[in-house]
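S.K.: The structure follows.
Protein chains in written order, with the numbering used here: chain Y, 19 to 134; chain U, 19 to 134.
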């Protein structure tokens, strides 16, 4: 078994078109022997966001900290905050935004391991 | 997409041999269209525990609240608390225990959807 926490894991800036002020950690990885899915954690800095896009695989989220929003393909902005769970189904357009100007937004973003 | 939180989901007592004072919720389920894995949440009441067992699939945990321990096949007790991540690989013997006499221990327990 593996036991870890976010303090032990380096945060890597996300260099992807459309991402603004996003850091990535992978606490539970296929490299650890996770056979099916991985747990990544994204920190979106104040006023930052992930890309608005689609892909043929899901996200399952748990919001660890902060005040944010998930934006749909229709441009609808739905507030999400600490304690919320989100399922983005395959091929659903989505974007995550940090709605705070001062505090980080931190979320688990689990995916099939191939897409870690 | 689906957005939810634990306040909206009924807690079902776990009726399994070896489980003591454990409640189950399934915030993100295959019934919601999760194609690969599910997010379950277990609340272990003070001094409660899950069964000590093995199975041919993994658990990936995030500890939402509380002070607990995961026990290995050798009987080693490793403390886990809010903010920790755990990977139990397939066929690893494991048990989760709430080490508090007063407060609940709450964790995400993600599994392949077949084992929800």
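All C-beta atoms in this analysis are idealised placements derived from N, C-alpha and C, irrespective of residue type, glycine included.
Treat the numbers as computed from the prediction; the structure is a model and nothing was measured.
Report the neighbours of residue 112 of chain Y on chain U: residues whose CB is nearer than 9 Å to its CB, in chain order.
M.R.: 19
S.K.: Would you give the residue range spanned by the beta strand (DSSP E) that residue 115 of chain Y belongs to?
M.R.: Counting along the chain, the beta strand (DSSP E) containing residue 115 of chain Y begins and ends at 112 to 116.
S.K.: Reducing DSSP to helix, strand and coil, say where residue 73 of chain Y ends up.
M.R.: Collapsing the DSSP output to three states places residue 73 of chain Y in coil.
S.K.: Can you grab the Cα-Cα spacing for the pair residue 79 of chain Y / residue 61 of chain Y, in whole Å?
M.R.: 12 Å
S.K.: For a contact meaning CB atoms closer than 9 Å, what does residue 107 of chain U contact in chain Y?
M.R.: 19, 20, 50, 51, 52, 53
S.K.: Give the straight-line distance between the Cα atoms of residue 75 of chain U and residue 51 of chain Y, rounded to the nearest whole angstrom.
M.R.: 11 Å
S.K.: Helix, strand or coil: which one does DSSP assign to residue 95 of chain U?
M.R.: strand
S.K.: Since residue 39 of chain U is in the beta strand (DSSP E), which residue starts that stretch and which ends it?
M.R.: 38 to 46
S.K.: Assuming residue 66 of chain U is part of the beta strand (DSSP E), what are its boundary residues?
M.R.: 55 to 67
S.K.: How would you write the range of the beta strand (DSSP E) that residue 125 of chain Y sits in, first residue to last?
M.R.: 123 to 130
S.K.: Any idea what DSSP makes of residue 83 of chain U, helix, strand or coil?
M.R.: strand
S.K.: Does residue 137 of chain U get closer than 8 Å to chain Y when you measure Cβ to Cβ?
M.R.: Given a span of 19 to 134 for chain U in the structure shown, any question on residue 137 of chain U remains unanswerable.
S.K.: Using DSSP with H/G/I as helix, E/B as strand and the rest coil, what is residue 102 of chain U?
M.R.: strand
S.K.: If you drop the 5 nearest sequence neighbours on each side, which residues of the same chain put their C-beta closer than 7 Å to that of residue 16 of chain Y?
M.R.: In the structure displayed, chain Y extends from 19 to 134; residue 16 of chain Y sits before or after that span and is not available.
S.K.: Leaving out five residues on either side along the sequence, give the residues of the same chain with a beta carbon under 7 Å from the beta carbon of residue 131 of chain U.
M.R.: Correct list, in chain order: 48, 52, 54, 55, 56.
S.K.: Would you decide whether residue 37 of chain Y is buried or exposed? Buried here means 16 or more other CB atoms lie within 10 Å of its CB.
M.R.: buried
S.K.: Residues in the same chain with beta-carbon distance under 7 Å from residue 134 of chain Y, minus the five sequence neighbours each way, listed in chain order, please.
M.R.: 44, 47, 48, 56, 58
S.K.: Express the C-alpha separation of residue 35 of chain Y and residue 148 of chain U in angstroms, rounding to a whole number.
M.R.: What the structure shows of chain U is the stretch from 19 to 134, and residue 148 of chain U is not part of that stretch, so it cannot be assessed.
S.K.: Listing by chain order, which chain Y residues have their CB less than 8 Å from the CB of residue 128 of chain U?
M.R.: 55, 57, 78, 128
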